[in-house]
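Residue numbers (the working numbering): 50 to 320.
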Ligand code: HEC
């Protein structure tokens with residue numbers, strides 16, 4: 050609620066007190082105009098009663114009299130929010146940068162996690178972490194073909210084991226794990242993932258979940274060719290200029306390496 054200042058209340062009280070004399074004055078002129086005439090000038094002298102000067106409250110006085118921020122400091126002050134933002138960004142711990150197929154694969158992996166575990170520890174599906182996938186698939190081509198097709202297509206094509214036949218601990222036989230099938234993932238096989246997405250999620254499981262080191266002698270070549278952000282194969286799959294069926298013809302560097310990926314189940318390249 051707004052407080053009505055004391056001086057205003059007083060003034061209005063004074064006006065009200067005058068009012069009856071005005072009324073008598075107004076009614077007077079009809080009968081005695083001579084009285085009314087002097088009444089008006091008397092009122093006129095009252096009207097411009099000096100407006101009481103309200104002194105500024107102390108905080109206004111303080112605001113008016115204190116030193117102002119010099120104009121040249123304004124530029125610097127205006128930058129404060131931006132500086133604060135930069136400071137906060139700099140405070141965040143640096144995250145591991147996962148660019149290209151591996152970072153896309155991290156998202157695609159969401160559709161595998163239900164069976165293989167968020168960390169790759171397995172469940173309804175086999176273990177994919179701690180190097181296990183690399184033992185099964187020393188060649189990325191075999192893994193791409195298997196994930197594309199899935200167990201049932203392998204079984205239908207009478208392919209009894211997938212991956213390295215000399216795998217440590219024995220080759221992985223098709224439909225040997227809980228009897229559950231690995232569902233087909235590739236579009237032509239009836240799955241939902243594009244070839245670029247399959248390559249991405251395969252790169253992600255090999256390099257992030259199973260811990261292949263892109264800088265190591267063992268994996269550097271594969272990483273550069275298939276899984277680095279600059280991988281021409283990955284970029285070609287994304288752009289649609291190559292496919293699992295034509296990949297060996299499209300990339301001279303693969304001519305020396307055995308086994309096209311393909312979109313039909315096929316026997317493994319082996320070790
Ligand atoms: C419905 C459950 C299920 C889902 C979803 C699933 N998998 Fe599987 N996966 C399995 C099962 C079961 C096996 C074992 C297959 C067999 O024995 O024939 C398997 C096997 C595998 C293997 C072979 C591992 C090895 O060392 O033998 C890989 C690689 C694999 N899955 C990758 C994936 C990827 C990548 C995805 C997501 C795009 C995925 N899986 C989604 C159930 C699943």
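Just so you know, even glycine gets a beta-carbon here, dropped at the ideal spot from N, CA and C. All figures in this text were calculated on a predicted structure; none of them were measured in a lab.
query	result
For residue 158, three-class secondary structure by DSSP	helix
Option in 262, 136, 280 and 167 with minimal Cα separation from residue 180	262
Start and end residues, alpha helix (DSSP H) containing residue 194	189–198
Inter-residue spacing [alpha-carbon to alpha-carbon] between residue 260 and residue 128	44 Å
Near the ligand HEC: residue 233 beta-carbon under 7 Å from a heavy atom	no
C-alpha distance - residue 269 paired with residue 126, whole-angstrom precision	50 Å
Classification of residue 317 by the beta-carbon crowding that lies within 10 angstroms, buried from 16 upward	buried
DSSP bridge partner residues for residue 221 (one or two, in chain order)	211
For residue 169, three-class secondary structure by DSSP	coil
The segment 197–211 / the segment 223–240 touching (three or more Cβ pairs under 8 Å)	yes
Spatial distance of residue 176 from residue 133 (CA atoms)	45 Å
Exposure of residue 186, with buried meaning 16 or more beta-carbon neighbours within 10 Å	buried
For residue 308, the nearest candidate out of 61, 190 and 137 (CA to CA)	190
Proximity test, residue 188 beta-carbon vs the ligand HEC heavy atom, cut-off 7 Å	no
Through-space distance from residue 136 to residue 281, alpha-carbon basis	38 Å
Proximal residues to residue 246 (C-beta, below 6 Å), its chain only, five neighbours per side dropped	157
Residue 123, buried or exposed, once every other Cβ within 10 Å from all chains shown has been counted against 16	exposed
Within 8 Å, strictly: CB atoms of residue 253 and residue 151	yes
Where the alpha helix (DSSP H) containing residue 123 begins and where it ends	120–127
Cβ-heavy atom distance, residue 164 to the ligand HEC, below 7 Å	yes
Coarse secondary structure for residue 177, derived from DSSP in three states	coil
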